Amino acid sequence: MTGCNDSANTTKTETDSDMTDKKDSRDVSKEAPVSLFDGKSFNGWHNFNGDKDIKSWAIEDSSLVCLGTAKDAHGGDIVSDNEYENFDLSWDWKVTTGANSGVMYHVVEDPKYKAPYEIGPEYQVIDDVGFPGKLEEWQKAGSDYAMYTPNAKKKLNPPGQWNTGRIVFNKGHVEHWLNGEKIIEFEAWSDDWNKKRTEGKWKDYPGYGTAKKGKIALQDHGNKVYYRNITIVTL
-5 MTGCNDSANT TKTETDSDMT DKKDSRDVSK EAPVSLFDGK SFNGWHNFNG DKDIKSWAIE
55 DSSLVCLGTA KDAHGGDIVS DNEYENFDLS WDWKVTTGAN SGVMYHVVED PKYKAPYEIG
115 PEYQVIDDVG FPGKLEEWQK AGSDYAMYTP NAKKKLNPPG QWNTGRIVFN KGHVEHWLNG
175 EKIIEFEAWS DDWNKKRTEG KWKDYPGYGT AKKGKIALQD HGNKVYYRNI TIVTL
């Protein structure tokens, strides 16, 4: 997602030396990874605040493809049928030139929310270089959108090539990974988190980040974007 007229409180995230590497959550979890996409159907997904008649996405070569054909920027967002609280989510993604999308979590469906981003934190999926407009660091790929920015370990593959994204959420501890590197680490609902939420873009969205359990969302922002190998481990 982007919002070039929005501003964010973008204090610097932890440096590499400050970030403590933790044992991989998939190694310590007793749960086996569960696939959220079978590569051939929309089973397990439905339209946000809607039904299972998904029209703005397609399945191509075992990939879940956002066609970018919805009537408005968020009319084609889809969400998982199941809800998750603490989890380790991993997926492959690639964008077309200039494309923009995102993966959100703890999404709650309610008519008062017009789109998942109003409540669910977002892992940004975007073409950093080819996007038609200036991007702030908090709008770039891998960011916790409008909240936390990636560190120097970020290595992004260009449009047309696959990247691997990952979100770990465990009792408020959050990690963003990109192509095998941990690029963001923070504590949800901490003083720092609350300061960013109330002073930046989300000050006008009182529901943002408040849910502690919810659905996974894939954003349709009007561009063609590909997802595959979507798996989740319950922590």
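Sequential numbering of the sequence shown, starting at -5, is according to this note's numbering.
Every residue, glycine too, gets a C-beta built ideally from N, C-alpha and C.
Computed from a predicted structure; not experimentally measured.
Reducing DSSP to helix, strand and coil, say where residue i ends up.
i: K190; result: helix
i: M(-5); result: coil
i: D185; result: helix
i: E130; result: coil
i: L156; result: Reading off the sequence, residue 156 comes out as Trp, not Leu. DSSP places W156 in coil when its eight states are reduced to three.
Taking all protein chains shown into account, decide if residue i is buried (16 or more other Cβ within 10 angstroms of its Cβ) or exposed.
i: P144; result: buried
i: G166; result: exposed
i: A211; result: buried
i: Q155; result: exposed
i: W51; result: buried
i: P115; result: buried
i: A135; result: buried
i: K189; result: exposed
Start and end of the beta strand (DSSP E) containing residue i?
i: A52; result: 51 to 54
i: E175; result: 175 to 181
i: N223; result: 219 to 228
i: Y117; result: 116 to 120
i: M98; result: 94 to 101
i: A211; result: 208 to 212
i: V123; result: Where V123 is concerned, there is no enclosing beta strand (DSSP E), given that its DSSP letter is neither H nor E.
Taking the C-alpha atoms as reference points, what is the distance between residue i and residue j?
i: P126; j: G92; result: 6 Å
i: L58; j: K88; result: 11 Å
i: L150; j: L172; result: 8 Å
i: A140; j: A109; result: 16 Å
i: V168; j: P105; result: 28 Å
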